[in-house]
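Student: Residue numbers (the working numbering): 103 to 360.
Note that the Cβ used here is the ideal one computed from N, Cα and C, for glycine as well.
Structure (structure tokens):
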């Protein structure tokens, strides 16, 4: 598999995908998700999911960004199904990190994006003055994201339709607001919302790790390489395993937020 750019998206597609994952990253690292989130996305492709990672540039109009990335996703799906002959109707999962979580919530609340489920990692929904340090000087003149944090919560309560959701909070993340999102979604969908507390911090999904390729015969050097990969990046190992479990409904996730 190799990354390829198609109509404003970065795609990584296994030969026989079992579904699509639409990925949106954090505000300041979203411009090149195929690089900044490479390990995580390549892992998900390795277990059978076609990756559609859509770059975006942050502005104050989050609703407009959500519509733009949704349109790019639709272009990519048309290309995959009608130009590359991948089977139509495969399930689509949204996967977001930080601001990417808010965009997925807006996509489904405002524009009716069709999703089999959504995964939210390190969700936050801060006001502009809290998100960008230099914005504190502008806050008195009313500069704010659109929709605002309160408006976003109202949209989730009134219009968010996706019933199956995975929420991931990292234990050393000081800016996480997953607990609030869990409360909103639990009120709507109860037992279809899974919330996990995992080791790591806000930047854990960006961890790159070692991409060790095993040779034709497994050697002692291969064993050392795999041991280093597992021992140096244990938080990513846990995250990848939890994503695999949730995407496979036959498994049961047991770790939940306290």
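Can you tell me where the beta strand (DSSP E) with residue 299 in it begins and where it stops?
Tutor: Residue mapping note: residue 299 aligns to position 197 of the chain shown, counting from 1. Run containing residue 299: 295-300, per the beta strand (DSSP E) assignment.
Student: Are the beta-carbon atoms of residue 213 and residue 168 separated by less than 9 Å?
Tutor: In the chain shown, residue 213 corresponds to position 111, counting from 1. In the chain shown, residue 168 corresponds to position 66, counting from 1. Contact: yes.
Student: Taking residue 178 and residue 257 to be in contact with their CB atoms under 8 Å, please state how far apart those CB atoms are, rounded to whole angstroms.
Tutor: Counted from its first residue, the chain shown places residue 178 at position 76. Counted from its first residue, the chain shown places residue 257 at position 155. Contact doesn't hold; Cβ gap of about 25 Å is too wide.
Student: Evaluate contact between the stretch 265-279 and the stretch 183-193, counting only Cβ atoms and requiring at least three cross-stretch pairs below 8 Å.
Tutor: Contact fails: fewer than three Cβ-Cβ distances are below 8 Å.
Student: Rank 288, 183, 349 by C-alpha distance to the C-alpha of residue 262 and give the top, closest one.
Tutor: Residue mapping note: residue 262 aligns to position 160 of the chain shown, counting from 1. Here the closest residue by C-alpha is 288.
Student: Considering only the beta carbon of each residue, do residue 247 and residue 162 sit closer than 9 Å?
Tutor: The count along the chain shown starts at 1 and reaches residue 247 at position 145. The count along the chain shown starts at 1 and reaches residue 162 at position 60. Contact flag set, yes.
Student: Which whole-angstrom value describes the C-beta separation of residue 196 and residue 220, a residue pair presumed to lie in contact below a C-beta threshold of 8 Å?
Tutor: Residue numbering aside, residue 196 sits at position 94 when the chain shown is read from its first letter. Residue numbering aside, residue 220 sits at position 118 when the chain shown is read from its first letter. Sure, about 4 Å apart at Cβ, within 8 Å.
Student: What does the Cβ neighbour count give for residue 165, buried or exposed, with the cut at 16 atoms within 10 Å?
Tutor: To locate residue 165, count along the chain shown from 1; it is residue 63. It counts as buried.
Student: Please tell me whether residue 208 and residue 251 are closer than 9 Å, where the distance is taken between their beta carbons.
Tutor: By 1-based counting over the chain shown, the position of residue 208 is 106. By 1-based counting over the chain shown, the position of residue 251 is 149. No.
Student: Closest to residue 275 by CA distance: which of 299, 255, 294 is it?
Tutor: Against the chain shown, residue 275 aligns to sequence position 173. Cα-wise, what sits closest to residue 275 is 299.
Student: What residue range is occupied by the uninterrupted beta strand (DSSP E) comprising residue 177?
Tutor: What you label residue 177 is simply residue 75 of the chain shown in a count that begins at 1. Element bounds for residue 177: not the beta strand (DSSP E) but the alpha helix (DSSP H), 164-180.
Student: Give, in chain order, every unbroken run of the alpha helix (DSSP H) that is at least 4 residues long and sits entirely within the stretch 196-259.
Tutor: Listed in chain order, the complete alpha helix (DSSP H) runs (minimum 4 residues) inside the stretch 196-259 are 201-212, 230-233.
Student: Where do the N-terminal and C-terminal ends of the alpha helix (DSSP H) with residue 340 fall, by residue?
Tutor: As a first step, residue 340 must be located in the chain shown, where it is residue number 238. 336-349 is the extent of the alpha helix (DSSP H) around residue 340.
Student: Excluding five sequence neighbours on each side, which residues of the same chain lie with their C-beta closer than 8 Å to the C-beta of residue 280?
Tutor: Residue numbering aside, residue 280 sits at position 178 when the chain shown is read from its first letter. The answer, listed in chain order, is 222, 224, 225, 269, 270, 271, 297, 359.
Student: Whose CA, out of 111, 206, 200, lies closest to the CA of residue 277?
Tutor: Residue numbering aside, residue 277 sits at position 175 when the chain shown is read from its first letter. Out of 111, 206, 200, 200 has the C-alpha closest to the C-alpha of residue 277.
Student: Under 8 Å by Cβ, that's how I've got residue 310 and residue 117 pegged, so tell me the actual separation to the nearest angstrom.
Tutor: On the chain shown, position 208 is the one that residue 310 refers to. On the chain shown, position 15 is the one that residue 117 refers to. At roughly 25 Å, the Cβ-Cβ gap does not stay under 8 Å, so residue 310 and residue 117 are not in contact.
Student: Assuming contact is defined by CB atoms lying nearer than 9 Å, are residue 137 and residue 171 in contact in what I supplied?
Tutor: If you number the chain shown from 1, residue 137 lands on position 35. If you number the chain shown from 1, residue 171 lands on position 69. Not a contact, by the Cβ cut-off of 9 Å.
Student: Can you give the Cα-Cα distance for residue 346 and residue 149, rounded to whole angstroms?
Tutor: Taking the chain shown and counting its residues from 1, one reaches residue 346 at position 244. Taking the chain shown and counting its residues from 1, one reaches residue 149 at position 47. If you take the alpha carbons of residue 346 and residue 149, they lie about 8 Å apart.
Student: Quick one: using the 10 Å Cβ neighbour count with 16 as the cut-off for buried, is residue 350 buried or exposed?
Tutor: Here residue 350 refers to the residue found at position 248 when the chain shown is read from its first residue. Flag for residue 350 reads exposed.
Student: Rounded C-beta distance between residue 147 and residue 103? I'm assuming under 8 Å.
Tutor: By one-based count along the chain shown, residue 147 stands at place 45. By one-based count along the chain shown, residue 103 stands at place 1. Sure, about 6 Å apart at Cβ, within 8 Å.
Student: Short of 6 Å in beta carbon distance, which residues of its chain neighbour residue 326, apart from the five on each side in sequence? Order them along the chain.
Tutor: Here the question's residue 326 lines up with position 224 in the chain shown. Caution is warranted here: a pLDDT of 46 is assigned to residue 326, below 50, making its placement in the model unreliable, and the coordinate value is therefore given only provisionally. Cβ neighbours of residue 326 beyond the five flanking positions: none.
Student: As a quick exercise: from 128, 308, 284, pick the residue whose alpha carbon is nearest that of residue 198.
Tutor: Within the chain shown, residue 198 is the residue found at index 96, counting from 1. Nearest C-alpha to residue 198: 128.
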